[in-house]
DNA sequence: TCTTTATGACAAATATACTTTACATTTTTA
DNA sequence: TAAAAATGTAAAGTATATTTGTCATAAAGA
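Protein chains in written order, with the numbering used here: chain B, 582 to 648; chain G, 582 to 648.
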């Protein structure tokens, strides 16, 4: 699964830490998601969707290897 | 977090087992998500979004207690 | 009504998300 | 160019998703 977190973070001019605080997770969690080290929970995805004002489907997209 | 899985499953006329096979998880996983016993991963949410042809945000919604 | 199919739920085991701590490297800014 | 801020990543620990197996009950069909 790929994501556009970094882009939306740039649009909002947020650091990883800003974002982490905003949604109540650690900075490393944000970093690890951006680096595709792990897949976030749907609650986390919805919170990101809310903060960035875009849909979850715009933030995250399945790749061939996911299916 | 609440979800509309049961409704979309009814629209497509899928049993929990049909759906489970469709997206490659166990029937209990579907059952547990519908019953709000746990929160699925974003990959799973995206797969459900694809099968039901609706956005993740239409399938799952944050509740007050999530924030 | 009897049988089959679908759902709800629990327990134990395993996989993986997420936290905290910590340190190195890169990027920004004074 | 030196200091500060931001990012990348790793390890160890905790929380929780997911599987497999199993059983009880509800719903649907013969």
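All C-beta atoms in this analysis are idealised placements derived from N, C-alpha and C, irrespective of residue type, glycine included.
All values derive from a computational prediction rather than experimental measurement.
query	result
Where does the unbroken alpha helix (DSSP H) through residue 638 of chain G begin, and where does it stop?	637 to 640
Within 8 Å, do at least three Cβ pairs link the region 628 to 640 of chain B to the region 620 to 638 of chain G?	yes
Does the beta-carbon of residue 596 of chain G have 16 or more other beta-carbons within 10 angstroms, so that it is buried, or is it exposed?	exposed
So residue 645 of chain G packs on residue 582 of chain G, CB below 8 Å; how close in whole Å?	Rounded, the Cβ-Cβ distance is 11 Å, inconsistent with contact.
Would residue 615 of chain G and residue 584 of chain G qualify as a contact pair, given that the criterion is a beta-carbon distance under 9 Å?	yes
Cβ of residue 624 of chain B less than 9 Å from any chain G Cβ?	yes
Return the CA-CA distance between residue 594 of chain G and residue 591 of chain B, expressed in angstroms with no decimal places.	42 Å
Which residues, in order along the region 626 to 644 of chain B, keep a beta-carbon less than 8 Å from a beta-carbon of chain G?	626, 627, 628, 630, 631, 636, 637, 638, 641, 642, 643
What's the call for residue 611 of chain B, buried or exposed, on a 16-neighbour Cβ count within 10 Å?	buried
Quick one, are the C-beta atoms of residue 622 of chain G and residue 622 of chain B less than 9 Å apart?	yes
Just checking my contact of residue 647 of chain G with residue 624 of chain B at CB under 8 Å: how many whole Å lie between their CB atoms?	5 Å
Let me check one thing: in DSSP terms, what residues is residue 622 of chain B bridge-paired to?	G:622
Have a look at the DSSP bridge pairing and note the partners of residue 583 of chain B.	B:642
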